Amino acid sequence: LYIRTLPKPTIWAEPGSAIPWWTSVTIWCQGSLEAREYRLLKEGKLETWDTQKPPEPGDKANFFIRYMRVIHTGRYRCDYLSPTGWSEPSEPLELVVTGPSPGDHNKPQLSALPSPVVASGGNVTLQCASWLGFDRFVLMKEGERQPSSTLVSQRAPSVGSQALFLVGPVTPSLRWTFRCYGYYNNTPQIWSYPSDPLELRVSGTLPKPTIWAEPGSVIPRETPVTIGCQGSLEAREYRLLKEGHSGSWDTQNPTGWSELSDPLELVVTGSHGKHNLTALPSPVVASGGNVTLQCASWVGSDRFVLMREGEPPSGQFQALFSVGPVTPSPRWTFRCYGYYNNAPQVWSCPSDPLQLQVSGTLPKPSIWADPGHIVTQGRPVTIWCQASLRADGYYLYKEKVSEPFWETSPDSSNKAGFPFASMSSHTAGRYQCAYHSRNSWSQRSDFLPLVVTGKVYGAPSLSANPGPVVALGGTVSLSCSSQEAWQSFRLLKEGGADAPQQLELTSHPETYHALFPVGPVNTSHAGTYRCYASPQSYPHSWSQPSDPLHLQVTGEGAPSPSPPTSWAQMTDLTSSSQDYTVENLIRLGMSALILVVLGVLLFQARHREDPKIQAGHRRKRQKTDFSVR
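Quick note on numbering: the sequence shown equals residues 60 to 688 in the working numbering.
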């Protein structure tokens, strides 16, 4: 029998009504000072769940559960006994267990839409989502004994299932920290693990702070970094928040928080091999011009990032980056990185730095090789570069390599040498040089082909058709042949101001030779020739030279053409890769025909001799025949 005149007791649980599996909880019941006995009642049970009799009358009692399990979940009430009788039961307290079994860490995600920063007096939507397909979601506010709200879940393609809770109006004076849970309809007192806490921040009139990282936002793995935050002079406390982590690392200032700073993206580099950064077509760019930078890799990155020295990432995520217009004053040094879509803040090692050189009005320098640009394997060679103006530094570039191959200072005669102690196939190739003076750069020099000879190949043979002696104004074909199936043969002439010059003709696979027609010849064509062979994949690695062929021009008293045929013109004549087999066969056929005609005429002349002479021939033959018998 309940006495309605007695006040109804209050019931609550500490540390709360949602208790993790296998942890302790205390249920409190508070009545009047005259209470002599307290009872704990569980919904669905006829008998009293527990009874507490204080040693002396008091206004509250507690019921302790050492290890929270499923049997302890349910709805509880309490009442108390006074001298006048039993009070009415308290309001119900629903006790739930979270984390249905040890090791089940599939907790829902709680986030604020659009942002956890809310203006004072405003509202915000909290999204609780999970891929586990819960039937309902519960929102709990820190410091409150009962759930703030319970909603039926809704299907959402991007997050599985979700519930949207409207919270507000928020005020700066209170702490707005929330967690959410999920559960199934058939086990309403068995909840999931709680989400990470989400704290709403109430913004006032304070300006947003500035955030930065030192030494930068792109940090190699296992190296230190400092994140700086600068606000107003009135700031009492700073907090650092990370995207995807709804809580903060500090407590709230009761006077209100500023707006969030702009985001700072912190990435770590060194997760995989470095990329290759090149400038197309060249790292030397005219002032005011543009250039394309290519970032490439064999590791198959999903995206590429270009960074300029002293600046944040460019924001371009592609393999080709357009840069410009460039100017001579700032430094144009770049690196690039790669990363995968599933780890956008984990980048590769940086590429080697690529520095763009802004060319001005400085003329291009001269380039040459000493003792020559065709060098025997293992022999030394020096590439020289000389400018017409005073240079502060010289740079040597190798074809298909964006960065300078070598850099050095000029000597007293304003030229620079780049010595190679031993010539090899690795040093062979095409080179250019450039120089800079103060803040200006020159254009690159013309290409200098550096060739290595005699690495592993045998020597081809060189011959002249019809012969090495040619009449003035005539023609001759120089044939370079080999038993090896080379891709190309090269003919060089010794001496002369432009020596050595080369002619190149693709070989015929059936014959492994090349024909170099020369003519009409003049006295300038006389001289010594050699030929070389080379594979197509290594155009600057040549065989040993053929034996020398000395070409002689007769009839020197005759006038010679002026000017003489240049090697460049001869290259045009031979670059068509003509086959002279048909012409040679025609010449041989005409020669044979002439020999046949001459034979017929001689035969007829013999049969027209004097009869006496013929009789003498017959007697002579008879005598000769007899003597043989």
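Don't be surprised by glycine CBs; every beta carbon is placed ideally from N, CA and C.
Note that the structure is a prediction, hence the values are computed from the model and not measured.
Counted within 10 angstroms of its Cβ, other Cβ atoms place residue i as buried (16 or more) or exposed
| i | result |
| --- | --- |
| TRP500 | buried |
| PHE393 | buried |
| VAL528 | exposed |
| SER172 | The question names Ser, but residue 172 is Leu in the sequence shown. It counts as exposed. |
| GLY158 | buried |
| LYS552 | buried |
| ALA530 | exposed |
| TYR126 | exposed |
| ILE78 | buried |
| SER317 | buried |
| GLY513 | buried |
| VAL460 | exposed |
| ILE442 | buried |
Three-state class that DSSP yields for residue i in the structure shown
| i | result |
| --- | --- |
| THR582 | helix |
| LEU652 | helix |
| LEU105 | coil |
| HIS572 | strand |
| VAL229 | coil |
| HIS485 | coil |
| LEU365 | strand |
| LEU259 | strand |
| LEU657 | helix |
| HIS131 | helix |
| LEU644 | Here LEU644 scores only 48 on pLDDT, less than 50, and its place in the model is too uncertain to base an answer on. |
| GLN502 | coil |
| GLN248 | coil |
| VAL9 | Residue 9 lies beyond the stretch modelled for the chain, which goes from 60 to 688, so this question has no answer here. |
| VAL385 | coil |
| LEU300 | coil |
| ARG234 | coil |
| GLU201 | coil |
| GLU153 | strand |
| ALA627 | Only weak support exists for where ALA627 lies, its pLDDT of 30 falling under 50; the value from the coordinates is given anyway. Note: ALA627 maps to helix in three-state DSSP. |
| CYS408 | coil |
| GLN111 | strand |
| GLU462 | coil |
| SER496 | strand |
Close beta carbons around residue i, own chain, < 6 Å, minus the five adjacent residues each side
| i | result |
| --- | --- |
| THR110 | ARG98 |
| TRP71 | TRP87 and ARG204 |
| ARG95 | PRO116 and LEU140 |
| SER425 | GLN445 |
Whole-Å CB distance - residue i paired with residue j, under 8 Å assumed
| i | j | result |
| --- | --- | --- |
| GLY397 | VAL440 | Going by Cβ atoms, the distance from GLY397 to VAL440 rounds to 38 Å, so no, they are not a contact pair. |
| GLU153 | SER76 | 6 Å |
| TYR242 | ARG195 | 6 Å |
| GLU102 | GLY133 | 6 Å |
| LEU299 | PRO175 | So it is not a contact: roughly 14 Å between Cβ atoms. |
| CYS354 | LEU339 | Between LEU339 and CYS354 the Cβ distance is about 11 Å, and since that is not below 8 Å, they are no contact. |
| SER602 | PRO519 | 6 Å |
| PRO342 | GLN414 | 7 Å |
| PHE224 | LEU185 | 4 Å |
| LEU509 | HIS432 | 5 Å |
| THR230 | SER262 | In fact, because the Cβ distance is near 12 Å, the residues do not count as touching under 8 Å. |
| TRP271 | LEU323 | 7 Å |
| GLY586 | LEU550 | Not a contact, Cβ separation roughly 12 Å. |
Own chain, CB closer than 7 Å to residue i, minus 5 neighbours either side, in chain order
| i | result |
| --- | --- |
| LYS423 | SER501, GLN502, ARG503 and SER504 |
| LYS166 | SER251, TYR252, PRO253 and SER254 |
| PRO463 | TYR454, LEU455 and TYR456 |
| PRO469 | ALA450, TYR453 and ALA475 |
| THR69 | GLN89 and SER149 |
| TYR597 | SER484 |
| PRO228 | GLY180, GLY181 and ASN182 |
Residues near residue i by beta carbon distance below 8 Å, same chain, minus five either side
| i | result |
| --- | --- |
| TYR297 | PRO268, CYS288, GLY290 and ASP309 |
| SER407 | THR328, GLY329, SER330, HIS331, GLY332, LYS333, HIS334, SER356, VAL358, SER360, TYR396, GLY397 and TYR398 |
| TRP465 | TYR454, LEU455 and PHE477 |
| GLU458 | GLY488, ARG489, TYR490, GLN491 and PHE506 |
| PHE193 | PRO167, SER212, SER220, GLY241, TYR242, TYR243 and SER251 |
| GLY526 | VAL535 |
| LEU100 | THR107, TRP108, TYR135, ARG136, CYS137, ASP138 and PRO148 |
| PRO266 | GLY290, SER291, SER317 and GLU318 |
| ALA428 | VAL434, VAL440, THR441, ILE442, TRP443, LEU507 and LEU509 |
I want to know whether the region 525 to 539 touches the region 568 to 587 - three or more CB-CB distances under 8 Å. Contact between the region 525 to 539 and the region 568 to 587 is present, because at least three Cβ pairs lie under 8 Å.
Is the region 191 to 209 touching the region 235 to 242, taking contact as three or more C-beta pairs under 8 Å? Inter-segment contact for the region 191 to 209 and the region 235 to 242 is present: three or more beta-carbon pairs are separated by less than 8 Å.
Per the contact definition of three or more C-beta pairs closer than 8 Å, is the region 322 to 329 in contact with the region 265 to 280? Three or more pairs of CB atoms, one per stretch, sit closer than 8 Å, so the region 265 to 280 contacts the region 322 to 329.
Would the region 397 to 415 count as touching the region 478 to 485 if we require 3 or more Cβ pairs under 8 Å? Between the region 397 to 415 and the region 478 to 485, the count of C-beta pairs closer than 8 Å stays below three; the two stretches do not touch.
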